[in-house]
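Remarks on the structure that follows.
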Amino acid sequence: MRPPIVSDAEQSEIRRFLLGRGSSTLQDRGFAWLMLGCALSIFAIVALIATELVLRSQLTIQKFGITFFFGHAWDPVSGNFGAFPFIYGTLMSSLVALCIAVPLSVGVAIFITEMCPKFLRGPLSFLTELLAAIPSVVYGLWAIFTLVPLLREHIDPVLIKLFGWTGLFAAPDFGLGTLSAGVILSIMILPIISSLTREVMTAVPHSQREAVLALGATRWEMIRMGVLRNARIGIVGSVILGLGRALGETMAVTMVIGNSPQIMKNLLAPAYSMASVIANEFSEASDDMYRSALIEIGLALFIVTILVNALARLLVWAVTRGAPPRAA
Amino acid sequence: MTKSNSPSAFHTLRRAATNHLATGLAVLSTILVVAPLVAIFAYLIYKGASSLNLAFFTQIPKPVGEAGGGMANAILGSAVLLLVGSLLGVPIGIAAGIYLAEFGQGGKLANVVRFTADVLNGVPSIVMGIAVYSLIVLPQKHFSAFAGGVALGIMMIPTITRTTEEMLLMVPGSVREAALGLGVPSWRAVLSITLKTASPGVITGCMLAFARVAGETAPLMFTAFGNQFWSSNLHEPIAALPLQIYAYAISPYDEWHRLAWAGALVLILLIVISVSLVRYVTTRGVLKGAN
Numbered sequence: 091m092r093p094p095i096v097s098d099a100e101q102s103e104i105r106r107f108l109l110g111r112g113s114s115t116l117q118d119r120g121f122a123w124l125m126l127g128c129a130l131s132i133f134a135i136v137a138l139i140a141t142e143l144v145l146r147s148q149l150t151i152q153k154f155g156i157t158f159f160f161g162h163a164w165d166p167v168s169g170n171f172g173a174f175p176f177i178y179g180t181l182m183s184s185l186v187a188l189c190i191a192v193p194l195s196v197g198v199a200i201f202i203t204e205m206c207p208k209f210l211r212g213p214l215s216f217l218t219e220l221l222a223a224i225p226s227v228v229y230g231l232w233a234i235f236t237l238v239p240l241l242r243e244h245i246d247p248v249l250i251k252l253f254g255w256t257g258l259f260a261a262p263d264f265g266l267g268t269l270s271a272g273v274i275l276s277i278m279i280l281p282i283i284s285s286l287t288r289e290v291m292t293a294v295p296h297s298q299r300e301a302v303l304a305l306g307a308t309r310w311e312m313i314r315m316g317v318l319r320n321a322r323i324g325i326v327g328s329v330i331l332g333l334g335r336a337l338g339e340t341m342a343v344t345m346v347i348g349n350s351p352q353i354m355k356n357l358l359a360p361a362y363s364m365a366s367v368i369a370n371e372f373s374e375a376s377d378d379m380y381r382s383a384l385i386e387i388g389l390a391l392f393i394v395t396i397l398v399n400a401l402a403r404l405l406v407w408a409v410t411r412g413a414p415p416r417a418a
Numbered sequence: 003m004t005k006s007n008s009p010s011a012f013h014t015l016r017r018a019a020t021n022h023l024a025t026g027l028a029v030l031s032t033i034l035v036v037a038p039l040v041a042i043f044a045y046l047i048y049k050g051a052s053s054l055n056l057a058f059f060t061q062i063p064k065p066v067g068e069a070g071g072g073m074a075n076a077i078l079g080s081a082v083l084l085l086v087g088s089l090l091g092v093p094i095g096i097a098a099g100i101y102l103a104e105f106g107q108g109g110k111l112a113n114v115v116r117f118t119a120d121v122l123n124g125v126p127s128i129v130m131g132i133a134v135y136s137l138i139v140l141p142q143k144h145f146s147a148f149a150g151g152v153a154l155g156i157m158m159i160p161t162i163t164r165t166t167e168e169m170l171l172m173v174p175g176s177v178r179e180a181a182l183g184l185g186v187p188s189w190r191a192v193l194s195i196t197l198k199t200a201s202p203g204v205i206t207g208c209m210l211a212f213a214r215v216a217g218e219t220a221p222l223m224f225t226a227f228g229n230q231f232w233s234s235n236l237h238e239p240i241a242a243l244p245l246q247i248y249a250y251a252i253s254p255y256d257e258w259h260r261l262a263w264a265g266a267l268v269l270i271l272l273i274v275i276s277v278s279l280v281r282y283v284t285t286r287g288v289l290k291g292a293n
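If you're matching them up, the sequences are chains G and X in order.
Quick note on the numbering used here: the first sequence kicks off at 91 and runs consecutively.
Quick note on the numbering used here: the second sequence kicks off at 3 and runs consecutively.
Rendered as C-alpha cells:
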C-alpha cells in the first residue's frame, strides 16, 4: 500500500475542479446533464410506480377506506374486499422465516468471519451467495416436490406431538401451509441476512477483539462482547432487510402456502399471503373493483417494503459507514 | 491462560464448555445452510438431467396428454425479454452509476439517488409486475413482450448503478487527472478512460443483474403473460422460462413436472455459470493493477 499523497477530500475537490471548470464545452455539459438525467430517472421510476398504484387503487380506497385492511371477508363475487387474511398470512410466514433464518445466518456469519480456516472462507461465502441466486420459482418447485413431503411425513408429526398443546401445530396436515412457506422463505432470506451480518461484523475494528481477548476471554466471549455487541445495530438492520425480502416474496410462497384466505393460529393449516393473492388472482380479476382491491394490496406491500428497506439501510449504513472496503 | 484469571475451576470449565458449544452451533448452522443448497442442486440434476434432450431445446410444448415436447419457445422468449430488459436497464444503470461516482460525489442529490436505488432494489417483484401492468398493459389493452422487458429492465437498474459506482470509485484519481491533464474533454475521459478501466467490474454488475432477473417470474405474470406457441413479437404475449416452470410445476401432469424440472435445471445452469464468471472476474482482481 502506497501512502496517499493527497487526501480523499482533496482528490475529489481536484476532480470536481477539473471536471467542472477545466472544460466546459457544450458536449461536456451535455454529458453531465445526461448522466444526471439517468440518475434522476431512478427517482422518477419509484415516483411513477407509486402514483400508478395509488391511482389504480382509487376505487377500493374510496369505497372501503382504512377498513380494507381489517376486513376478514374476501368475496369478489359480491364485491366485498377485506385484506386482513392476507396481511395475517404474510406476517405469520415471515415471522416463521425470521425465527428460523436469524439464528442460522448469524451463526454462519460468525463461523465465516471469526472461526473458519482461511481456505474455506471464499467457497463458503460463494455458496451462501449462490443460495441468493436461485430463482424463487425453482425454490418453489423444489419445495413442492421435496420440502413439503419431507415436512408432512417426518417433521410435522413430531411438532404436533411435542407442541400440539400450544395450538400452533395441529392436524389435519396437508404439508401446504404457513410453516412450509416460512421454511422456504427462511432459506431464501438467509443469504441476504448472513452476507450483511458478515459485512457489519468485519467492520468491527480489530482492536475491539484484541482488547477483549487480552482480558482473558474465550473465543466465544470475544465474539459475544467484542463483535456482536458492536455490530448489533447492523445485525438488526440486516434482519429487517431480510424481513423486507420475506414480505414481498411471491412465487415460492404461492406454491406452498396453500392459498386459502383463512385466519388460523395453526401453522400447518393453509393460508394466503399478500403477494400470492396478487399472483394468483390478478389475471382473473375482470371487474375494476376486484382489480383495484388487488392493486391496493400491492400498494400496501410497496409502502411497507419501502419503509422496512429504508429503515434497514439506515441501520446498516450507521454501522458500516467509514469502514474500510471489504476484502474480496 | 484463562485459568489464572478465573475464580474457580468450575467457572473455567463452564466458560470453556460455552465456548465449545457456541463453536459447535456455528458449525452446525453453517452445515444447515449449505445443506439445502446441496439438496436443491442434487435434486435438480437427478430430476432434470434425464429429461434434457434435443426435443427440449427445439420443440414447443405438446398439448396436455401427449408425451414429449420441449420449452424452446420459452428459451427464445426469455432471451427476447432479457434483451429488451438489458437494452433499457444497462445504459440507464451505468449512466446513473457514472453520475454517482464522477459528478455527484458526496453531494446531497447523489445520496438521495443512492438511497432511492437501494429502495427500488427492495421493491417486491410482484409490485413491479402490477405497476408495469397498469403503466403499459392497461393503456395498450394487451399483454406484450415489451411490457415484460420493461419490468425486467427496471429491476436491473439499481444493481447495475450500485456496482458501477463502486467500481468507478476504485479507479484511482490519478488516472482521471492524467487524462484530464492532457486536455481530453471530460466526457471522453469518463467514457474511454475511467469507465474503460473499471469495465470488468461494471460488466460484473451487469451480469449479476442479468442473473437476478433471468429467474424472475412474478413481474412477468401480468406483463409478458406467457405463450404456448412460438413468438418473438414484442407486441404479443411471450413465453418465458420461469413462467413455464411455474405453470408446469403447479399442473397435475407428471409429464409437465418432468419438463419443469428440466427447465429449472437449464435456468439454474444459466444463472450459476454467470454468477461463477462474475466471481472469477472479481476474485482474480482485474482491478488489482489499478490499486
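Ideal Cβ positions, reconstructed from N, Cα and C, are used throughout, including at glycine.
Legend entry - Within-8 Å CB hit, F160(G) to chain X: Start at 1 with the first residue of the first sequence, and residue 160(G) comes out as number 70. Judged by the 8 Å Cβ criterion, F160(G) is not in contact with chain X.
Legend entry - Three-state secondary structure assigned by DSSP to A361(G): Within the first sequence, the letter at position 271 stands for residue 361(G). Residue state, collapsed to three classes: strand.
Inset, instruction - Determine, using beta carbons only, whether L384(G) and L269(G) come nearer to each other than 8 Å. - result: Translated into the one-based positions of the first sequence, residue 384(G) becomes position 294. Translated into the one-based positions of the first sequence, residue 269(G) becomes position 179. No, Cβ-Cβ distance for L384(G) and L269(G) is not below 8 Å.
Inset, instruction - Count the C-beta pairs between the region 166-181 of chain G and the region 294-301 of chain G that are closer than 8 Å, then say yes if the count reaches three, no if not. - result: no
Legend entry - Of the listed residues H13(X), P160(X), A57(X) and L245(X), nearest to A69(X) (C-alpha basis): Position 67 of the second sequence, counting from 1, holds the residue named residue 69(X). That would be A57(X), whose Cα lies nearest to the Cα of A69(X).
Legend entry - Stretch-stretch touch, CB-based, cutoff 8 Å, three pairs: the region 134-144 of chain G with the region 339-353 of chain G: no
Legend entry - Range of the contiguous alpha helix (DSSP H) that encloses S382(G): Mapped onto the first sequence, residue 382(G) falls at position 292. S382(G) -> alpha helix (DSSP H) spans D378 to T410.
Legend entry - Cutoff 8 Å; reference S131(G); Cβ partners in own chain excluding five residues on either side: Residue numbering aside, residue 131(G) sits at position 41 when the first sequence is read from its first letter. Excluding positions up to five away in sequence, the list is empty.
Legend entry - Cutoff 8 Å: Y101(X) Cβ touching any chain G Cβ: Numbered from its first residue, the second sequence carries residue 101(X) at position 99. Yes, its Cβ sits closer than 8 Å to a Cβ of chain G.
Legend entry - Beta carbon of P93(X) nearer than 8 Å to that of L122(X): Stepping through the second sequence from its first residue, residue 93(X) is reached at position 91. Stepping through the second sequence from its first residue, residue 122(X) is reached at position 120. Not closer than 8 Å, so no.
Legend entry - Reference G228(X), options L193(X), P63(X), V277(X) and L137(X), closest by Cα: The residue given as residue 228(X) occupies position 226 in the second sequence. With distances taken between Cα atoms, G228(X) lies closest to P63(X).
Legend entry - Cross-strand partners of P63(X) (DSSP beta bridge): As a first step, residue 63(X) must be located in the second sequence, where it is residue number 61. DSSP, once it has assigned bridges, lists G71(X) as partnering P63(X).
Legend entry - Residue burial classification, E386(G) (beta-carbon count within 10 angstroms, cutoff 16): What you label residue 386(G) is simply residue 296 of the first sequence in a count that begins at 1. With 16 or more Cβ atoms within 10 Å of its Cβ, E386(G) is classed as buried.
Inset, instruction - Using a Cβ-Cβ cut-off of 8 Å, state whether N21(X) counts as contacting chain C. - result: Going by chain labels, chain C is absent from the structure shown, which instead holds the protein chains G and X.
Legend entry - Coarse secondary structure for N170(G), derived from DSSP in three states: Against the first sequence, residue 170(G) aligns to sequence position 80. The answer is strand: DSSP assigns N170(G) an E or B state.
Legend entry - CB contact check: T358(X) to chain G, cutoff 8 Å: No answer is possible for residue 358(X): the residues shown for chain X start at 3 and end at 293.
Inset, instruction - Determine the DSSP secondary structure at V277(X), reduced to helix, strand or coil. - result: As a first step, residue 277(X) must be located in the second sequence, where it is residue number 275. V277(X): helix per DSSP, three-state reduction.
Legend entry - Whole-angstrom distance between V186(G) and G272(G), CA atom to CA atom: Mapped onto the first sequence, residue 272(G) falls at position 182. Mapped onto the first sequence, residue 186(G) falls at position 96. C-alpha separation (whole angstroms): 5 Å.
Inset, instruction - Could you work out which residues of chain X lie near W232(G), taking near to mean beta carbons separated by less than 7 Å? - result: In the first sequence, counting from the first residue as 1, residue 232(G) sits at position 142. Under the 7 Å cutoff, chain X gives I42 and Y45.
Inset, instruction - Examine chain X for any beta-carbon lying closer than 8 Å to the beta-carbon of Q117(G), and answer yes or no. - result: The sequence position of residue 117(G) within the first sequence is 27, counting from 1. True, the Cβ-Cβ gap to chain X drops below 8 Å.
Inset, instruction - Output yes if chain G places a C-beta closer than 8 Å to the C-beta of D256(X); else output no. - result: Within the second sequence, numbered from 1, the residue matching residue 256(X) stands at position 254. It does not: the Cβ of D256(X) has no partner Cβ on chain G nearer than 8 Å.
Inset, instruction - Can you have a look at E142(G) and say buried or exposed, based on whether 16 or more other CB atoms are within 10 angstroms of its CB? - result: The residue you call residue 142(G) lines up with position 52 of the first sequence. With 16 or more Cβ atoms within 10 Å of its Cβ, E142(G) is classed as buried.
Inset, instruction - Mark F201(G) as exposed unless 16 or more other C-beta atoms lie within 10 angstroms of its C-beta, in which case mark it buried. - result: Taking the first sequence and counting its residues from 1, one reaches residue 201(G) at position 111. So F201(G) ends up on the buried side.
Inset, instruction - List the residues of chain G that I252(X) touches, going by C-beta distances under 7 Å, in chain order. - result: What you label residue 252(X) is simply residue 250 of the second sequence in a count that begins at 1. Those are M345, listed as they occur along chain G.
Inset, instruction - Check each candidate in H22(X), S276(X) and L267(X) and name the one with the smallest Cα separation from Y48(X). - result: Your numbering for residue 48(X) matches position 46 in the second sequence. Residue L267(X) is the option with its Cα nearest to Y48(X).
Inset, instruction - Give the straight-line distance between the Cα atoms of K5(X) and L318(G), rounded to the nearest whole angstrom. - result: Working through the second sequence from its first residue, we reach residue 5(X) at position 3. Working through the first sequence from its first residue, we reach residue 318(G) at position 228. Low per-residue confidence applies at K5(X): pLDDT is 48, beneath 50, and the placement is therefore not dependable, though the value from the model is reported in the following sentence. If I take the Cα positions, the gap works out to 25 Å.
Inset, instruction - Give the secondary structure of W258(X) by DSSP, where H, G and I count as helix, E and B as strand, and everything else as coil. - result: Start at 1 with the first residue of the second sequence, and residue 258(X) comes out as number 256. Reduced to three states, the DSSP call for W258(X) is helix.
Legend entry - V177(X) versus K143(X), S233(X), E167(X) and S194(X), residue with shortest Cα-Cα distance: What you label residue 177(X) is simply residue 175 of the second sequence in a count that begins at 1. It is S194(X) whose Cα lies nearest to the Cα of V177(X).
Inset, instruction - Assign A283(G) to one of three DSSP states: helix, strand, or coil. - result: Residue mapping note: residue 283(G) aligns to position 193 of the first sequence, counting from 1. Checking the displayed sequence, the identity of residue 283(G) turns out to be Ile instead of Ala. Helix at I283(G).
Inset, instruction - Count the other C-beta atoms from every protein chain shown that fall within 10 angstroms of the C-beta of C189(G), then say buried if there are 16 or more, exposed otherwise. - result: The sequence position of residue 189(G) within the first sequence is 99, counting from 1. Exposed is the call here.
Legend entry - DSSP three-state assignment for L310(G), whether helix, strand or coil: For the purposes of this step, residue 310(G) is taken as the residue at position 220 of the first sequence. Looking at the sequence itself, residue 310(G) is Trp, so the reference to Leu does not match. Of the three classes helix, strand and coil, the one that applies to W310(G) here is helix, per DSSP.
Legend entry - Distance between Q107(X) and R403(G) (C-alpha atoms, nearest Å): Walking along the first sequence from the start, residue 403(G) turns up at place 313. Walking along the second sequence from the start, residue 107(X) turns up at place 105. When rounded, the distance between both Cα atoms is 19 Å.
Legend entry - Cross-chain neighbours of T308(G) in chain X, by beta carbon under 7 Å: Looking up residue 308(G) in the first sequence gives position 218. By Cβ distance, chain X contributes T4, R17, A18 and N21.
Inset, instruction - Look at N201(X) and M158(X) and say whether their C-beta atoms are less than 8 Å apart. - result: Counting from one through the second sequence, the residue named residue 201(X) turns up at place 199. Counting from one through the second sequence, the residue named residue 158(X) turns up at place 156. Residue 201(X) is actually Ser in this sequence, not Asn. No, the pair does not count as a contact, with Cβ atoms beyond the cut-off.
Legend entry - Euclidean distance between Cα positions of E374(G) and S233(X): As a position in the first sequence, residue 374(G) is number 284, starting the count at 1. As a position in the second sequence, residue 233(X) is number 231, starting the count at 1. Whole-angstrom Cα-Cα distance: 23 Å.
Legend entry - Ordered list of alpha helix (DSSP H) runs contained in the region 124-196 of chain X, each at least 4 residues: 127-134, 147-172 and 175-183
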